[in-house]
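Residues 0 to 233 in numbering that gives the first Met the number 0 are what the sequence shown lists, from first letter to last.
A virtual CB, placed ideally from N, CA and C, is assigned to each residue, including glycine.
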Amino acid sequence: MIHHIRAARPLAELTGESRQLARFAGSSAFRRCVRAGALAAAFAVALTSFAAAEGGPPVRIRGEATKIEGDMLSVKDRSGAALTVKLAPNYRVTELRKAELGEIKDGTYIGVTALPQKDGTLKAIAIMIFPPAAKGTAEGHRAWDLAPETTMTNATVDGIVTSGTGTTIKVKYKDGEKTVMVTPETSIVAMGPGQPAMLKPGAKILIFGAQKAADGTLSTAGVVVGKDGLTPPM
């Protein structure tokens, strides 16, 4: 059977809404929408465990990649244990780079790993800047497992005050707000799209939430990789 493919009509022959749609499909605005959608999907995969935490504790893995063979990733975790994680066919790599405090503005969506203080403020251990496409990811305040008593707060910046004693950042999320103290020791990092080639022996990685099967095997659809040897500080 022969299928006849109709050639696309020239723009000049289109009228009304058809012409407007054709122009939009070829526009930079359309391409930006496609890229934004792809970025949102990538970060949703990388941060799956935030949402999964509601259904059960995630298996969070911090460490160094030691080998990758096919779809199997070998990791030496921060305790020195050797782990093997199966990578999903469509797994995503998210890059984590060093960032500056000046990149954080009103309206920026951030994740704050912190130690709660007696006065209710949060002393930031690390601040992770989300890309705009991932705004709203796992919004809220929760316990975290970086160290005893640490917390994670994903929220929108609603004010920054810098004085001689340091910088404080006010953040708001759907159920409340927090005041974050930034110190010279606070690590500031930013997430961005990564490439599978970044996942290689020696890379410092973080898997926010690997899935653990009944037989104990681990799998993941997303891996965060530190750029230029950066160890994810979250």
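Can you find a CB in chain B that lies within less than 8 Å of the CB of residue i?
{"i": "VAL170", "result": "Absent here is chain B; the protein component of the structure consists of one chain."}
Hey, quick one: how far does the beta strand (DSSP E) through residue i stretch, first residue to last?
{"i": "ILE60", "result": "58–68"}
{"i": "PHE129", "result": "Unbroken run through PHE129: none, as it is neither H nor E."}
{"i": "ARG141", "result": "139–142"}
{"i": "SER78", "result": "Run containing SER78: none; DSSP gives neither H nor E here."}
{"i": "ALA113", "result": "108–115"}
In three-state terms, what does DSSP make of residue i?
{"i": "THR230", "result": "coil"}
{"i": "PRO195", "result": "helix"}
{"i": "GLY101", "result": "helix"}
{"i": "THR167", "result": "strand"}
{"i": "GLU94", "result": "strand"}
{"i": "LYS203", "result": "strand"}
{"i": "LYS85", "result": "strand"}
{"i": "ALA154", "result": "strand"}
{"i": "ALA146", "result": "coil"}
Per DSSP, which one or two residues make a beta bridge with residue i?
{"i": "THR172", "result": "According to the sequence shown, residue 172 is Tyr rather than Thr. DSSP lists GLY175 as partners of TYR172."}
{"i": "LYS211", "result": "LEU217"}
{"i": "LEU121", "result": "PRO115 and VAL179"}
Out of the options, state which residue places its alpha-carbon closest to the alpha-carbon of residue i.
{"i": "ARG141", "options": "THR161, SER78, MET180 and LEU114", "result": "LEU114"}
{"i": "GLN116", "options": "LYS104, GLU148, THR93 and TYR172", "result": "GLU148"}
{"i": "TYR172", "options": "LEU217, MET151 and MET190", "result": "MET151"}
{"i": "PRO130", "options": "ILE103, ASP144 and ALA146", "result": "ILE103"}
{"i": "ALA80", "options": "ARG91, TYR90 and THR65", "result": "THR65"}
{"i": "THR164", "options": "PRO183, ASP174, ALA125 and GLY158", "result": "PRO183"}
{"i": "ILE109", "options": "ALA212, GLY221, GLY158 and THR219", "result": "GLY158"}
{"i": "ARG59", "options": "THR136, ASP144 and LYS226", "result": "ASP144"}
Enumerate in chain order the residues of its own chain whose CB-to-CB distance from residue i is below 6 Å, with the five nearest sequence positions on each side excluded.
{"i": "LEU86", "result": "ASP70 and LEU72"}
{"i": "THR120", "result": "THR178 and MET180"}
{"i": "ALA236", "result": "Coverage of the chain is limited to positions 0 through 233, which leaves residue 236 absent and any answer about it impossible."}
{"i": "GLY191", "result": "GLU94"}
Keeping to the same chain, check which residues put their C-beta closer than 8 Å to that of residue i; ignore five residues upstream and five downstream.
{"i": "GLY62", "result": "VAL74, LYS75, ASP76, ARG77, LEU82, LYS203 and ILE204"}
Looking only at its own chain, which residues have a Cβ that is under 7 Å from the Cβ of residue i, when we skip the five neighbours before and after it?
{"i": "GLY55", "result": "Note that GLY55 scores 48 on pLDDT, short of 50, meaning its location in the model is unreliable; the coordinates nonetheless yield the value given after this. Same-chain partners within the cutoff: there are none."}
{"i": "PRO195", "result": "VAL92"}
{"i": "LEU100", "result": "THR166, VAL181 and ILE187"}
{"i": "LYS97", "result": "VAL188 and LEU229"}
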